[in-house]
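Q: Chains A and B supply the protein sequences, listed in that same order.
So the first sequence is numbered by the numbering used here: it starts at 1 and just counts up by one.
So the second sequence is numbered by the numbering used here: it starts at 1001 and just counts up by one.
Beta carbons: idealized from backbone N, C-alpha and C, even for Gly.
Values in this document were obtained by computation on a predicted structure and should not be read as measured data.
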Amino acid sequence: RKEVEQDPGPFNVPEGATVAFNCTYSNSASQSFFWYRQDCRKEPKLLMSVYSSGNEDGRFTAQLNRASQYISLLIRDSKLSDSATYLCVVNIRTGGGNKLTFGTGTQLKVEL
Amino acid sequence: DAGITQSPRHKVTETGTPVTLRCHQTENHRYMYWYRQDPGHGLRLIHYSYGVKDTDKGEVSDGYSVSRSKTEDFLLTLESATSSQTSVYFCAISGISRGQETQYFGPGTRLLVL
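1) DSSP three-state call for D77 (chain A): helix, strand or coil?
2) Tell me whether D1038 (chain B) sits in a helix, a strand or coil according to DSSP, three-state version.
3) What ranges does the alpha helix (DSSP H) occupy inside the stretch 1077-1112 of chain B, keeping only unbroken runs of at least 4 residues that lie completely in it?
4) Please state the DSSP three-state secondary structure of D57 (chain A).
5) Please list the residues of the stretch 1084-1102 of chain B that have a C-beta atom closer than 7 Å to any C-beta atom in chain A, keeping them in chain order.
6) Check whether the stretch 1079-1097 of chain B touches the stretch 1033-1052 of chain B, taking contact to mean three or more Cβ pairs, one atom from each stretch, closer than 8 Å.
7) Considering just the uninterrupted stretch of the beta strand (DSSP E) at S68 (chain A), what are its terminal residues?
8) Assuming T1102 (chain B) and F34 (chain A) are in contact, meaning their beta carbons sit under 8 Å apart, how far apart are those beta carbons, in whole angstroms?
9) Can you give me the Cβ contacts of D82 (chain A) inside the same chain, cut-off strictly under 7 Å, excluding the 5 residues immediately before and after it?
10) Name the two residues that bound the continuous beta strand (DSSP E) containing E1014 (chain B).
11) In or out: V99 (chain A) buried (at least 16 other Cβ within 10 Å) or exposed?
12) Pairs of beta-carbons, one from the stretch 86-94 of chain A and one from the stretch 13-32 of chain A, closer than 8 Å: are there three or more?
13) Nearest chain A C-beta to G1108 (chain B) closer than 7 Å, yes or no?
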């Protein structure tokens, strides 16, 4: 079983739609959680952290359920520019700094 | 931008040749990381460094070595490149986002081993 699992997609949605991505993680010692965005042939970039209380950043809402070991990302009013791959990332603090484990990503395509 | 550069950005080499990739940061961060990214596998940690001359292995370290002689530079060496090392290589540094420690990535190096 992969440590971080995501549906690879692609999710094809029309502009203006609401879309949700889910992610599960297997290590209950995971301490912090993130969503990264990766455009084609570019580096991953931090989109937002994920907090237990849930958090919102503009059109993006992230949720964490520690009991179910489940993370979600909701994008409202999708824009063409949201087309990218979204990586779910969990962090386990070790003696070697923070160890990030990455999901393989969910691809989003927003269409006219 | 996190102040990370990688060189070269693209490289084509032949099996059996040595290859060195360079990561340079201007942020004076202690921790630096090398990852590779392949379809179906996501990002996998090769090696990391927690200070000058202090390095340790990640999950896919076989066939790779690293060196860090200065805070700002972290080198990844493929002693004898193989076709299985064809990949995109990303360097990262640790950083803080809203009180949480996470990582920021360089632009990547695309390596093709023929």
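A: The short version:
1) Position 77 of the first sequence, counting from 1, holds the residue named residue 77 (chain A). Reduced to three states, the DSSP call for D77 (chain A) is coil.
2) Along the second sequence, read from residue 1 onward, the residue named residue 1038 (chain B) stands at position 38. Three-state result, D1038 (chain B): strand.
3) none
4) Along the first sequence, one-based indexing puts residue 57 (chain A) at 57. Correct three-state label for D57 (chain A): strand.
5) Hits within the stretch, in order: F1090, S1094, S1097, R1098, Q1100, E1101 and T1102.
6) yes
7) If you number the first sequence from 1, residue 68 (chain A) lands on position 68. S68 (chain A) -> no beta strand (DSSP E), and no H or E assigned at all.
8) Working through the second sequence from its first residue, we reach residue 1102 (chain B) at position 102. Working through the first sequence from its first residue, we reach residue 34 (chain A) at position 34. Right, the Cβ-Cβ distance comes to about 6 Å (below 8 Å), so this counts as a contact.
9) Locating residue 82 (chain A) in the first sequence gives position 82, counting from the first residue. Hits under 7 Å: I75, L108 and V110.
10) Position 14 of the second sequence holds residue 1014 (chain B). Counting along the chain, E1014 (chain B) falls outside any beta strand (DSSP E), and DSSP gives it neither H nor E.
11) On the first sequence, position 99 is the one that residue 99 (chain A) refers to. For clarity, residue 99 (chain A) is Lys in the given sequence; the question names Val instead. Burial call: buried.
12) By the Cβ test, the stretch 86-94 of chain A is in contact with the stretch 13-32 of chain A, since at least three Cβ pairs between them sit closer than 8 Å.
13) As a working note, residue 1108 (chain B) is residue 108 in the second sequence. Answer yes: the Cβ-Cβ gap between G1108 (chain B) and chain A drops below 7 Å somewhere.
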